[in-house]
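Each step along the sequence shown adds one to the number in our numbering, with nothing skipped, and position 124 is 124.
Positions of the beta carbon are idealized from the N, C-alpha and C atoms, including for glycine.
Please read all numbers here as calculations on a predicted model, not as lab measurements.
Structure first, commentary second.
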Amino acid sequence: MEMGASVNGSNSSVRILVVDDEELVRDFLREALTRRSYHVDIAEDGKHAKNILKEETYDLILTDLKMPGVTGLDLLRFLKAHQPETQSIMMTAYGSIENAVEAMRLGAFDYVTKPFTSGEIELIIDKALEHKRLINENRYLRNELSDKYGFSSIIGQSKAMQEVFDLLKMVTPNHTTVLIEGESGTGKELVARAIHYNSPRKDKPFIKINCASLPEGLIESELFGHEKGAYTHAFARARGKFEQADGGTILFDEISEMASGLQAKLLRVLQEREFERIGGSETIQVDIRVIATTNRNLEEEVEKGRFRKDLYYRLNVINVHLPPLHRRREDIPLLAHHFLERYSKEYSKQVTSISEEAMSYLLRCDWPGNVRELANRIERSVVLCRNCAIEPCDLLMGNRSQSGAVEDIPQIPGTSLRDFEKWIIVKTLNSQKSNRTKTAKLLDISIRTLRNKIKEYRDNDGDEIN
Ligand SMILES: Nc1ncnc2c1ncn2[C@@H]1O[C@H](COP(=O)(O)OP(=O)(O)OP(=O)(O)O)[C@@H](O)[C@H]1O
Ligand SMILES: [Mg+2]
Numbered sequence: 001m002e003m004g005a006s007v008n009g010s011n012s013s014v015r016i017l018v019v020d021d022e023e024l025v026r027d028f029l030r031e032a033l034t035r036r037s038y039h040v041d042i043a044e045d046g047k048h049a050k051n052i053l054k055e056e057t058y059d060l061i062l063t064d065l066k067m068p069g070v071t072g073l074d075l076l077r078f079l080k081a082h083q084p085e086t087q088s089i090m091m092t093a094y095g096s097i098e099n100a101v102e103a104m105r106l107g108a109f110d111y112v113t114k115p116f117t118s119g120e121i122e123l124i125i126d127k128a129l130e131h132k133r134l135i136n137e138n139r140y141l142r143n144e145l146s147d148k149y150g151f152s153s154i155i156g157q158s159k160a161m162q163e164v165f166d167l168l169k170m171v172t173p174n175h176t177t178v179l180i181e182g183e184s185g186t187g188k189e190l191v192a193r194a195i196h197y198n199s200p201r202k203d204k205p206f207i208k209i210n211c212a213s214l215p216e217g218l219i220e221s222e223l224f225g226h227e228k229g230a231y232t233h234a235f236a237r238a239r240g241k242f243e244q245a246d247g248g249t250i251l252f253d254e255i256s257e258m259a260s261g262l263q264a265k266l267l268r269v270l271q272e273r274e275f276e277r278i279g280g281s282e283t284i285q286v287d288i289r290v291i292a293t294t295n296r297n298l299e300e301e302v303e304k305g306r307f308r309k310d311l312y313y314r315l316n317v318i319n320v321h322l323p324p325l326h327r328r329r330e331d332i333p334l335l336a337h338h339f340l341e342r343y344s345k346e347y348s349k350q351v352t353s354i355s356e357e358a359m360s361y362l363l364r365c366d367w368p369g370n371v372r373e374l375a376n377r378i379e380r381s382v383v384l385c386r387n388c389a390i391e392p393c394d395l396l397m398g399n400r401s402q403s404g405a406v407e408d409i410p411q412i413p414g415t416s417l418r419d420f421e422k423w424i425i426v427k428t429l430n431s432q433k434s435n436r437t438k439t440a441k442l443l444d445i446s447i448r449t450l451r452n453k454i455k456e457y458r459d460n461d462g463d464e465i466n
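Structure (C-alpha cells):
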C-alpha cells in the first residue's frame with residue numbers, strides 16, 4: 001500500500017507548519033502532506049516561521065536545520081518556550097548528526113536526513129502525532145485523577161475532619177513522610193491519594209504496596225527489583241517498585257503487617273533513599289515520598305515488639321489520624337447524600353433523597369466498617385429502592401449480617417404488623433446483646449412494654465427471647 005493513500009478522515013484538523021529555505025523541499029512537503037489532507041502552512045525561513053508562530057498554533061512543525069538568520073535549533077528553543085505542546089521534527093542534511101542530537105535534546109520528536117521519500121516522512125509524522133495524542137490523553141487522565149482524588153473528594157465537615165484537612169494542607173506540598181492511622185474504611189487510602197495528587201509530584205507515579213498480601217520473599221523483589229540470574233526464575237533484570245516510583249509517591253498499605261526482615265531493609269531506604277537490586281551491587285538512588293497506612297495502633301505494635309521502633313520513628317514524621325465514623329456522626333448526612341448522588345448516577349436511578357426516618361436510622365448505626373460500610377449500605381439501598389426516596393426498609397433490605405447470610409427480612413406486603421414488630425424487637429435486642437434497657441431506648445418504648453412483648457412472644461408463639 002502506498003503510504004500517502006492512507007488518508008485519515010480526521011487529518012484535516014491536524015495543523016502542520018513546514019519551514020525550509022529550499023523551495024524544492026517546501027513544494028515537495030506541501031504536496032505530500034496536502035495529499036494526506038493535513039492543513040499545511042509554509043514558512044520560507046526561521047524568521048518568517050517565528051512570526052507565524054506568534055499568531056498561530058500547530059500540532060507539528062517540520063523544520064530545516066540550517067537556515068540563514070534564525071536556524072532550526074533557534075526555532076526549537078522558541079517553541080519550547082512558547083508552544084511546548086507542539087511536536088517538532090528536524091530535517092537535516094547528511095553530516096550534521098551532532099546538530100540532530102542537539103535538536104533531540106531541545107525536545108524535537110525525531111530527525112530525518114535529507115533526501116527522504118514521502119513514505120519516510122509520513123511515517124515519522126504519524127509517530128509524532130501519535131506521541132502527541134498520547135501526551136494529551138495522559139494529561140486528560142491525570143486531570144481526571146486529580147479531580148477524583150482532590151481534597152474535595154474527601155467528605156467531612158466535622159471538627160475532627162477539619163483538623164485533618166488543616167494538617168493535610170500543610171504537609172501535602174512538601175515531601176515529608178506521612179503515617180495515616182485509622183480503623184478500616186475510614187478513608188486512609190483516599191487521603192494518601194489526595195496527598196499525592198495535590199502535591200508537586202502529581203505527574204509522577206503513585207505506587208501502592210499492599211504489605212499484607214505478599215509473602216516476604218516476593219515483596220522484596222517487588223520492591224527492590226532484581227538482577228538477571230539473581231534466582232532461578234530471574235531471566236531478566238527487573239526494576240522494582242522503588243525505581244518505578246522515582247520522583248513520585250509510594251504508599252505502604254497496612255505497614256504493620258510487614259515482615260520484620262523487610263522492616264529492616266525498608267528502614268535503610270527511608271534513611272538513605274538508596275538500595276541495591278536483589279543480586280546486584282550497584283547502589284540505586286531514588287527520590288520518593290513515603291506514605292504508610294495502618295489500621296492497628298503502631299505504637300502499641302512497637303511496645304509489643306511486633307514493629308521496629310526505629311522504623312516507626314522514621315514513618316511517624318507526620319501523623320494523620322482518621323477518626324471512626326461513629327465519632328463524627330455529624331458527617332453521616334453529608335456522606336450519605338454524597339453516596340446517594342454517586343450511586344443513583346451509576347445505576348441510572350432517580351433516587352434523590354433519604355427520608356427522615358431512614359436518616360435517623362443511619363445516624364444511630366455504629367458503623368464498625370466506617371465510611372466504606374455506609375457507602376455499601378447506600379449503594380444497596382439505591383439498587384433496591386423502588387421510589388425516589390430511601391426509606392428504612394430499603395436500608396434494611398438485603399442487609400448482610402456479620403456471618404454474611406442474608407437476614408430473614410419480613411415480606412412487605414405479606415407480613416402482619418405484629419410479626420413486623422416482633423422482628424424489629426428481636427433484631428434490636430440482638431444488636432444490643434440482649435441489653436433490654438438499651439433496646440427499649442432505641443425502640444423508644446418503656447422497658448415494661450418491651451418485657452410484656454417478650455412475654456407475649458413466649459406465651460403465644462413459644463419463642464424464648466432473651
Ligand atoms: N471522607 C470520605 N469521603 C468520601 N469517601 C470516603 C471518605 N472516607 C472513605 N471514603 C470511601 O470509603 C471507601 C473506603 O475508603 P479507603 O479505602 O480509603 O479506606 P481505608 O481506611 O484505606 O480502609 P482499609 O483499612 O480497610 O483499607 C472508599 O470507597 C472511599 O472512597
Ligand atoms: Mg486501605
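Exercise. Whole angstroms is fine: what's the gap from Leu384's alpha carbon to Glu346's?
Key: Residue 384 sits at position 384 when you count from the first residue of the sequence shown. Residue 346 sits at position 346 when you count from the first residue of the sequence shown. Rounded to whole angstroms, Leu384 to Glu346 spans 14 Å at the Cα level.
Practice problem: Using 10 angstroms around the beta-carbon of Val101, count the other beta-carbons present and answer buried if the total reaches 16, otherwise exposed. | Solution: In the sequence shown, the residue the question calls residue 101 occupies position 101. Flag for Val101 reads exposed.
Practice problem: Please classify Asp463: does DSSP put it in a helix, a strand, or coil? | Solution: As a first step, residue 463 must be located in the sequence shown, where it is residue number 463. If DSSP states are grouped into helix, strand and coil, Asp463 belongs with coil.
Quiz item: Short check: CB of Leu79 to CB of Gly107, under 9 Å?
Solution: Start at 1 with the first residue of the sequence shown, and residue 79 comes out as number 79. Start at 1 with the first residue of the sequence shown, and residue 107 comes out as number 107. Yes. Within cutoff.
Practice problem: Would you grab the beta carbon distance between Gly150 and Pro205 for me? Rounded to a whole angstrom, and I think it's under 8 Å. | Solution: Numbered from its first residue, the sequence shown carries residue 150 at position 150. Numbered from its first residue, the sequence shown carries residue 205 at position 205. A Cβ-Cβ distance of about 18 Å is found for the pair Gly150 and Pro205, leaving them out of contact under the 8 Å criterion.
Practice problem: Give the DSSP-derived three-state secondary structure of Leu179 in the structure shown. | Solution: As a working note, residue 179 is residue 179 in the sequence shown. If DSSP states are grouped into helix, strand and coil, Leu179 belongs with the strands.
Quiz item: Excluding the five sequence neighbours on either side, which residues of its own chain have a C-beta within less than 8 Å of the C-beta of Ile473, listed in chain order?
Solution: Coverage of the chain is limited to positions 1 through 466, which leaves residue 473 absent and any answer about it impossible.
Quiz item: If we ignore side chains and look at the alpha-carbon of each, how far apart do Ala93 and Phe109 end up?
Solution: By 1-based counting over the sequence shown, the position of residue 93 is 93. By 1-based counting over the sequence shown, the position of residue 109 is 109. Using only the alpha carbons, I get a separation of about 17 Å.
Exercise. Let me know if Lys422 comes out buried or exposed under the rule of 16 or more other beta-carbons within 10 Å of its beta-carbon.
Key: Counting from 1 along the sequence shown, the entry for residue 422 is found at position 422. Counting every other CB atom within 10 Å of its CB across the protein chains shown gives Lys422 a total of 16 or more, marking it as buried.
Quiz prompt | Local conformation of Phe307 per DSSP, three classes | solution = Taking the first residue of the sequence shown as position 1, residue 307 is located at position 307. Phe307 falls in the coil class under three-state DSSP.
Exercise. Rounded to whole angstroms, what's the CA-CA distance from Lys169 to Tyr197? Just pull it up for me.
Key: Working through the sequence shown from its first residue, we reach residue 169 at position 169. Working through the sequence shown from its first residue, we reach residue 197 at position 197. In this structure, the CA atom of Lys169 is about 12 Å from the CA atom of Tyr197.
Exercise. Check each candidate in Asn297, Arg239, Leu417 and Leu325 and name the one with the smallest Cα separation from Ala375.
Key: Start at 1 with the first residue of the sequence shown, and residue 375 comes out as number 375. The candidate whose alpha carbon is nearest that of Ala375 is Leu325.
Quiz item: What are the uninterrupted segments assigned as alpha helix (DSSP H) that are 4 or more residues long and contained completely in the stretch 86–163, given in chain order?
Solution: The alpha helix (DSSP H) runs of length 4 or more contained entirely in the stretch 86–163 are, from start to end of the chain, 97–105 and 118–148.
Quiz item: How long is the line joining the alpha carbons of Leu75 and Gly46, rounded to whole angstroms?
Solution: Translated into the one-based positions of the sequence shown, residue 75 becomes position 75. Translated into the one-based positions of the sequence shown, residue 46 becomes position 46. Whole-angstrom Cα-Cα distance: 7 Å.
Self-check item: Counted within 10 angstroms of its Cβ, other Cβ atoms place Gly217 as buried (16 or more) or exposed
Solution: Within the sequence shown, numbered from 1, the residue matching residue 217 stands at position 217. Its Cβ having fewer than 16 others within 10 Å, Gly217 is exposed.
Quiz item: Which class does Ala391 belong to by DSSP, given the choice of helix, strand or coil?
Solution: Here residue 391 corresponds to residue number 391 of the sequence shown, with the count starting at 1. The sequence given here has Glu at residue 391, not Ala. Coil.
Quiz item: What residue range is occupied by the uninterrupted alpha helix (DSSP H) comprising Gln432?
Solution: For the purposes of this step, residue 432 is identified with residue 432 of the sequence shown, where counting begins at 1. From DSSP, Gln432 is part of no alpha helix (DSSP H); its letter is neither H nor E.
Practice problem: Grab me the residues of Ala259's own chain with a C-beta within less than 6 Å of its C-beta, minus the 5 sequence neighbours each way, in chain order. | Solution: Translated into the one-based positions of the sequence shown, residue 259 becomes position 259. Closer than 6 Å at Cβ, skipping near neighbours: Glu216.
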